[in-house]
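**Student:** Would you mind keeping the following structure in view while I ask a few things?
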């Protein structure tokens, strides 16, 4: 118990003193996760909207695959990305393994199904009248799709935040493809694993606290989005 | 003087979906500049006919001509034709945002410039007596105000045809009167042809010059204002207009077809 209390105290001191080592790890974590989610959103939102509006034979299968990939174990993603980027892999010549870009790729793969599937659900859940109303006002099909996507923007923002929540706390994939190299690819989760194994609980607890604050911030943002939507649905201002 | 070309001409229009017959063999010509009222029991095919007129759905049989152009041939640009009319549904969805952004929507779809859009939007908002509401969020509007915004959103586009699906359903008497006045003014001031679906017979009589009665997917009767007393041919129309304790689908079985 004393270890925990001591760890909490020293962890808090580390945060308050803006420890450069801690700051670097937190900044790298955010850079990797935010970049990954930005790419996943750039690809996943349009693809989700496309799936919501299109009807083709393999659509059902694609949606099922997406839903399945939402629960993809990070270590499996880590393994696949590792094999693809390793020297003997198809993209080995790029020399990306054990770099922050490899971690971004792994986290993009992890967050894409979540952003895409939840965006699909958000667009499908938008008021079905929006598309018809837009067409009736003279929209082209693409303009009408854009109107529906805009109407679903709160749900899509929730999808992006859910994707970020998934990757920011993930450890398996980044450990495998990043290598946990100090000052280069060490992020919050991999640092916590390392510091704990070495008995440096203060550093581990400090990082854990930052991670919890980030998770808390994400959940607060999600609640605010949901709250805003419920308030509007009730006809509030 | 040559007779004016009708705005819409339908020739043998039918619509089937998943084996169900919704509309059958509808042929009609709608004169430009009038208010036309489409009457009929629930499930008669009124809304489907409106969507076909709005070129949102293609009939499975027959042809639709709008301004003399065959809109069912497949070679014509439906977007250009669609942009000459607006359908205001019975429960119009206002897009999230302000009154201004909603009324501006159709102009933005057409790529109209910012200054011109602002001017026309303000004129339309003023026309529906909502001046000062420009920056109001649409979720703060009453039912009557929301319908007025939907009308402003339509009239700002200066359409040749305004298609209305039960425009005053579930509104209070004062709002109904305001909306009716607005539709009449739109018809009079802009020479916009109005085609409205309504269950309210008194409203149809107050507003329309031309009437159509649809029964089980067929237009079985058309007449002009004042002709209904002596000129109606069908039992179903007479029952809908004058007869029976109620005008509801339950009577359809009794009247036969």
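Residue numbers (my numbering), protein chains in the order written: chain A, 1 to 237; chain B, 238 to 494.
Idealized CB from N, CA, C, for every residue including glycine.
What ranges does the alpha helix (DSSP H) occupy inside the region 264 to 344 of chain B, keeping only unbroken runs of at least 4 residues that lie completely in it?
**Tutor:** 283 to 290 and 315 to 319
**Student:** Comparing C-alpha positions only, which one of B:242, B:270, B:417 and B:422 sits nearest to residue 398 of chain B?
**Tutor:** B:270
**Student:** In angstroms, rounded to a whole number, what distance separates the CA positions of residue 264 of chain A and residue 211 of chain A?
**Tutor:** With chain A covering 1 to 237 only, the question about residue 264 of chain A has no answer from this structure.
**Student:** If you measure from the beta carbon of residue 237 of chain A to each beta carbon in chain B, is any gap under 7 Å?
**Tutor:** Reliability of the predicted coordinates at residue 237 of chain A is poor, the pLDDT of 38 falling under 50, and the value obtained from them is presented with this limitation in mind. Answer yes: the Cβ-Cβ gap between residue 237 of chain A and chain B drops below 7 Å somewhere.
**Student:** Measure the C-alpha to C-alpha separation of residue 308 of chain B and residue 132 of chain A and round it to an integer number of angstroms.
**Tutor:** 18 Å
**Student:** For the pair the region 134 to 152 of chain A and the region 59 to 76 of chain A, tell me if three or more CB-CB distances fall below 8 Å.
**Tutor:** no
**Student:** Mark residue 410 of chain B as exposed unless 16 or more other C-beta atoms lie within 10 angstroms of its C-beta, in which case mark it buried.
**Tutor:** exposed
**Student:** Residues bridged to residue 252 of chain B by DSSP?
**Tutor:** For residue 252 of chain B, which the question treats as bridged, DSSP gives the partners B:260.
**Student:** Can you confirm whether residue 166 of chain A, when its beta carbon is compared against all beta carbons of chain B, has any partner nearer than 7 Å?
**Tutor:** no
**Student:** Given a cut-off of 7 Å, decide if residue 431 of chain B and residue 283 of chain B are closer than it, judged by their beta-carbon atoms.
**Tutor:** no
**Student:** Do residue 123 of chain A and residue 40 of chain A come within 7 Å of each other at the CB atom, strictly closer than that value?
**Tutor:** no
**Student:** Kindly list, in the order they appear in chain B, the residues whose Cβ is closer than 8 Å to that of residue 138 of chain A.
**Tutor:** 316, 319, 320, 323, 343, 346, 347 and 394
**Student:** Should residue 237 of chain A go down as buried or exposed, given a rule of 16 or more other Cβ atoms within 10 Å for buried?
**Tutor:** Confidence in residue 237 of chain A is poor, its pLDDT being 38 and thus under 50, which makes the residue's placement unreliable; the coordinate value appears in the next sentence. Exposed, because fewer than 16 other Cβ atoms sit within 10 Å of the Cβ of residue 237 of chain A.
**Student:** Thinking just about the alpha-carbon of each residue, which of A:96, A:95 and A:103 is nearest to the one in residue 174 of chain A?
**Tutor:** A:103
**Student:** Tell me which residues share the same chain as residue 416 of chain B and place their Cβ nearer than 8 Å to its Cβ, disregarding the 5 neighbours each side in the sequence.
**Tutor:** 381, 384, 385, 388, 404, 405 and 408
**Student:** Nearest by alpha-carbon distance to residue 28 of chain A: which of A:195, A:181 and A:128 is it?
**Tutor:** A:181
**Student:** Does residue 93 of chain A come within less than 7 Å of chain B when only Cβ atoms are used?
**Tutor:** Closer than 7 Å: no.
**Student:** Could you work out which residues of chain A lie near residue 330 of chain B, taking near to mean beta carbons separated by less than 8 Å?
**Tutor:** 127, 129, 130 and 133
**Student:** Return the chain-ordered list of same chain residues with a C-beta closer than 7 Å to the C-beta of residue 110 of chain A, the five sequence neighbours on each side being excluded.
**Tutor:** 72, 74, 77, 166, 167, 170 and 173
**Student:** I want to verify the contact list: residues of chain A whose CB lies under 8 Å from the CB of residue 291 of chain B, in sequence order.
**Tutor:** 136
**Student:** Helix, strand or coil, according to DSSP, for residue 377 of chain B in the structure here?
**Tutor:** The answer is helix: DSSP assigns residue 377 of chain B an H, G or I state.
**Student:** Taking any Cβ of chain B, which residues in the region 142 to 176 of chain A have a Cβ under 8 Å from it, in chain order?
**Tutor:** 143, 147, 150 and 151
**Student:** Short of 7 Å in beta carbon distance, which residues of its chain neighbour residue 66 of chain A, apart from the five on each side in sequence? Order them along the chain.
**Tutor:** 113, 116 and 117
**Student:** Using a Cβ-Cβ cutoff of less than 6 Å, which residues in the same chain neighbour residue 455 of chain B once the five nearest sequence positions on both sides are dropped?
**Tutor:** 261
**Student:** Output the distance between the C-alpha atoms of residue 371 of chain B and residue 426 of chain B, rounded to the nearest integer angstrom.
**Tutor:** 23 Å
**Student:** Along the chain, where does the beta strand (DSSP E) that runs through residue 400 of chain B open and close?
**Tutor:** DSSP places residue 400 of chain B in the uninterrupted beta strand (DSSP E) bounded by 398 to 402.
**Student:** Leaving out five residues on either side along the sequence, give the residues of the same chain with a beta carbon under 7 Å from the beta carbon of residue 162 of chain A.
**Tutor:** 114 and 118
**Student:** Residues in its own chain within less than 6 Å of residue 474 of chain B by CB, not counting five upstream and five downstream?
**Tutor:** 450 and 458
**Student:** Tell me whether residue 257 of chain B is buried or exposed, calling it buried when 16 or more other Cβ atoms sit within 10 Å of its Cβ.
**Tutor:** exposed
**Student:** Could you tell me the boundaries of the beta strand (DSSP E) in which residue 119 of chain A lies?
**Tutor:** Run containing residue 119 of chain A: none in the beta strand (DSSP E); it sits in the alpha helix (DSSP H), 100 to 125.
**Student:** Using the rule of at least 16 other Cβ atoms within 10 Å of the residue's Cβ for burial, across every protein chain shown, is residue 203 of chain A buried or exposed?
**Tutor:** buried
**Student:** Using the Cβ count rule (16 or more neighbours within 10 Å means buried), how would you classify residue 1 of chain A?
**Tutor:** exposed
**Student:** Which value, in whole angstroms, describes the spacing of the CA atoms of residue 190 of chain A and residue 177 of chain A?
**Tutor:** Between residue 190 of chain A and residue 177 of chain A, the C-alpha separation is close to 11 Å.
**Student:** For residue 108 of chain A, which residues of its own chain have a beta-carbon under 7 Å away from its beta-carbon, when the five flanking residues on both sides are left out?
**Tutor:** 36, 39 and 40
**Student:** May I ask you to verify whether the region 333 to 344 of chain B touches the region 289 to 308 of chain B, counting CB pairs closer than 8 Å and requiring at least 3?
**Tutor:** no
**Student:** Could you say which of A:63, A:84, A:101 and A:43 lies nearest to residue 185 of chain A if we only look at CA atoms?
**Tutor:** Of the candidates A:63, A:84, A:101 and A:43, the one whose C-alpha sits nearest the C-alpha of residue 185 of chain A is A:101.
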